[in-house]
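Data first, discussion second: the structure below is written as structure tokens.
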Amino acid sequence: MIDERIAKFLAEHHVLTLATEDEKGPYCCNLFYVYLPQRNWFVATSAADTLHVRQATRNPRVAASVVLETSVVGKVRGLQLRGTMARPEGEERRVARNAYLRRFPFAAVMDLELWIIRPVFFKYTDNRLGFGKKIIWENDTNS
């Protein structure tokens with residue numbers, strides 16, 4: 068089960084930095100996301116011809132981060148994660164599309180190329196709980 072503080076943090080934000088890699092090296096980009104805590108999915112949309120999608124298609128192991136931008140050390144919060152990224156099919160696609168459009172209704176006019184990131188590791192930092200306080204979650208059965 069995902070710690071409710073992690074799920075709450077993810078619900079308060081909507082952009083993640085995604086890291087992918089291929090034989091030429093690593094790459095990162097920023098994506099709008101919606102997090103579904105009941106399924107432990109991030110849903111994002113991105114075109115198949117983008118570098119990060121081409122890389123994730125060849126190597127689905129990805130990393131990502133979500134961060135609260137602040138210069139106040141006592142308010143620092145952020146999440147780093149590892150997981151896999153894949154295109155949803157069938158019922159998963161329907162669930163992912165509905166969730167994404169609830170969060171971003173303006174996307175209804177777009178051709179949505181949806182992707183699901185399934186985390187296997189979270190490291191959540193929340194300095195409000197104490198300087199450098201980390202909450203770790205790991206589930207290697209999803210990989």
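Take any residue in the sequence shown, note its place counting from 1, add 67, and you have its number in the working numbering.
C-beta: ideal position from N, C-alpha, C; glycine also.
Because the structure is a prediction, the values reported are computed rather than measured.
Residue i versus residue j: straight-line alpha-carbon distance, rounded
i	j	result
E158	F198	42 Å
L98	L118	13 Å
Q105	A74	10 Å
N209	G141	Residue placement at N209 is flagged as unreliable, the pLDDT there being 46, under the threshold of 50; the coordinate-derived value follows with that caveat. Cα to Cα, the separation comes out at about 33 Å.
L83	T192	15 Å
A130	E88	10 Å
P127	N194	31 Å
F76	F173	23 Å
F189	A114	26 Å
T137	C96	20 Å
H80	L135	8 Å
P186	Q147	10 Å
L196	F171	31 Å
K200	I183	28 Å
G145	E71	14 Å
Contacting residues, own chain, Cβ-Cβ under 6 Å from residue i (five flanking each side not counted)
i	result
D116	none
Y167	V101, V110
Which residues DSSP lists as bridging residue i, in chain order
i	result
S132	T84, Q147
N97	T84
M152	I184
D89	G92
F109	Y102, I184
Same chain, Cβ closer than 8 Å to residue i, neighbours up to 5 away in sequence not counted
i	result
R169	V101
L181	V110, A111, T112, R154, P155, R160, A163, R164, Y167
I69	P104, N107, F189, W204
Burial state of residue i, where buried means 16 or more other Cβ atoms lie within 10 Å
i	result
I203	exposed
R125	exposed
G92	exposed
V133	buried
V176	exposed
V139	exposed
Contact set for residue i: own chain, Cβ-Cβ below 7 Å, skip 5 residues either direction
i	result
A123	T87, V129, M152
Q | Runs of beta strand (DSSP E) wholly within the region 171–208 (minimum 3 residues, chain order) | A | DSSP runs (the beta strand (DSSP E)) wholly in the region 171–208: 181–193, 201–205.
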